[in-house]
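Below: one structure, written as structure tokens.
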Amino acid sequence: MRHDRSGSEPVQGRYLSLFERERIQTLTAQDVGVREIARRLGRSPSTISRELNRPTLPDTRGRSRGDGGGGGGYDAGAAHQHATELARRQRRSKLAADVWLHDFVQAKLELEWSPEQISGYLSVHHTDHTVSPETIYLGLYLPHRGALRRDLAKKLRTGRTLRQPHRRKDARTTRYIDPGRLIDERPEEVEDRVVAGHWEGDLITGAYNVTAIGTLVERTSGLVQLVHLPVDHTAKNVCPAVAATMASQPSPRTVVIVACSAISAPWSQVSERRIEGGVFFALPGSPWQRGSNENTNGLLRQYFPKSSNLDIHSAVDLHAVAERLNGRPRKRHGWKTPAEIYASHVQDSELTVATTD
Numbered sequence: 098m099r100h101d102r103s104g105s106e107p108v109q110g111r112y113l114s115l116f117e118r119e120r121i122q123t124l125t126a127q128d129v130g131v132r133e134i135a136r137r138l139g140r141s142p143s144t145i146s147r148e149l150n151r152p153t154l155p156d157t158r159g160r161s162r163g164d165g166g167g168g169g170g171y172d173a174g175a176a177h178q179h180a181t182e183l184a185r186r187q188r189r190s191k192l193a194a195d196v197w198l199h200d201f202v203q204a205k206l207e208l209e210w211s212p213e214q215i216s217g218y219l220s221v222h223h224t225d226h227t228v229s230p231e232t233i234y235l236g237l238y239l240p241h242r243g244a245l246r247r248d249l250a251k252k253l254r255t256g257r258t259l260r261q262p263h264r265r266k267d268a269r270t271t272r273y274i275d276p277g278r279l280i281d282e283r284p285e286e287v288e289d290r291v292v293a294g295h296w297e298g299d300l301i302t303g304a305y306n307v308t309a310i311g312t313l314v315e316r317t318s319g320l321v322q323l324v325h326l327p328v329d330h331t332a333k334n335v336c337p338a339v340a341a342t343m344a345s346q347p348s349p350r351t352v353v354i355v356a357c358s359a360i361s362a363p364w365s366q367v368s369e370r371r372i373e374g375g376v377f378f379a380l381p382g383s384p385w386q387r388g389s390n391e392n393t394n395g396l397l398r399q400y401f402p403k404s405s406n407l408d409i410h411s412a413v414d415l416h417a418v419a420e421r422l423n424g425r426p427r428k429r430h431g432w433k434t435p436a437e438i439y440a441s442h443v444q445d446s447e448l449t450v451a452t453t454d
């Protein structure tokens, strides 16, 4: 989990925290839309929409404080209190309350049906006795949530008797040097892609994540630069390689790299002194926040398959691939190439600087 620089409550993985609700209240008061709030918090728009329509404590006019109730606006404190009270209530599992459903689920598990298959079958053939796959999993792994026989877990494809959940965003180790430098703090000029010189960075890895290539994409033009990492992709080698690549760029504009937090350890140590504008991080599990880089990485897999050893490619090889991508005409540029667009931006910038001088 990460902490706000002001010492506010940390952002949680599954449930909205008080800190997040306070941000929702502030942004809503500023007439920020649901999708933009979701983007800034790294949540889905539906989560924010449900939260704003949450029935909370009634106001003095007898109407809900949630936006959906038409009352006095969203109240973070009241909403958090309401959510906390709901979470504390002990709700009886559907499997425990419905004997027929309980027995049906156990019978199908005996036949090695998956929870998803059971749930889907019930939704079509027994609409009065539906249950979600998650409820079945909870009934297997948490006895008090439905009392399904624990030995039936061995009938599942995994054969596990204990559940091993995916790591959530808050379970990942924070590896930022400055955890406050998140994507929504980038300069405003970055967002509209008008000003050249702002980059998105990532790593693509080979077989078993042993070898890697650094990828840099200029947001305005789509120009690609590939960073040769012949030794390894630790911070010790990534930092100087990225800094050298950035130093070779002719654009005088501020450079900003948006790096996926999953590989933040190397990127975060590319210091402010080497990258003029600094390094800003996308939220974990939010690839759309660096869409240019994510799309380019997909194109690069044609040349650098995930199952291959990337060490066999020299710096010359990487340059050749980058040149090939930079020479492809793009529809969004009126069928001009990224190289042409970037060159024109650089020329315009140099003319502006010369005129100013």
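In the numbering used here, the protein residues as written are 98 to 454. Even for Gly, the Cβ is constructed at its ideal location relative to N, Cα and C.
| Check | Outcome |
| --- | --- |
| Status (buried if at least 16 other CB within 10 Å, exposed otherwise) for Lys191 | buried |
| Whole-angstrom distance between Thr393 and His100, CA atom to CA atom | With a pLDDT of 39 at His100, under the threshold of 50, the modelled position of this residue cannot be trusted, and the question is left open. |
| Beta-ladder partner(s) of Val335, from DSSP | According to DSSP, Val335 bridges with nothing at all. |
| Contact under 9 Å by Cβ, Leu235 with Leu253 | no |
| Straight-line gap, Leu415 to Phe378 (C-alpha atoms, nearest Å) | 25 Å |
| Closest Cα partner of Leu300 within the set Val324, Thr123, Leu113, Asp289 | Val324 |
| Rounded C-alpha distance that separates Gly388 from Asp172 | 33 Å |
| In chain order, each beta strand (DSSP E) run of at least 3 residues that lies wholly inside the region 374 to 427 | 376 to 379 |
| Cβ-Cβ separation, Leu245 to Val202 (assumed contact under 8 Å), whole Å | 7 Å |
| Element boundaries [beta strand (DSSP E), containing Leu313] | 309 to 315 |
| Limits of the beta strand (DSSP E) - the one that Leu192 falls within | That residue, Leu192, is in no beta strand (DSSP E); its alpha helix (DSSP H) goes 191 to 194. |
| Extent of the continuous alpha helix (DSSP H) run through Glu285 | That residue, Glu285, is in no alpha helix (DSSP H); it is neither H nor E in DSSP. |
| Nearest-angstrom beta carbon gap, Leu313 and Thr342 [assumed within contact, 8 Å] | 6 Å |
| Which of helix, strand or coil DSSP assigns to Glu297 | strand |
| Short Cβ contact (9 Å threshold) for Leu320 with Ile438 | yes |
| Distance CB(His295)-CB(Glu282) smaller than 9 Å | no |
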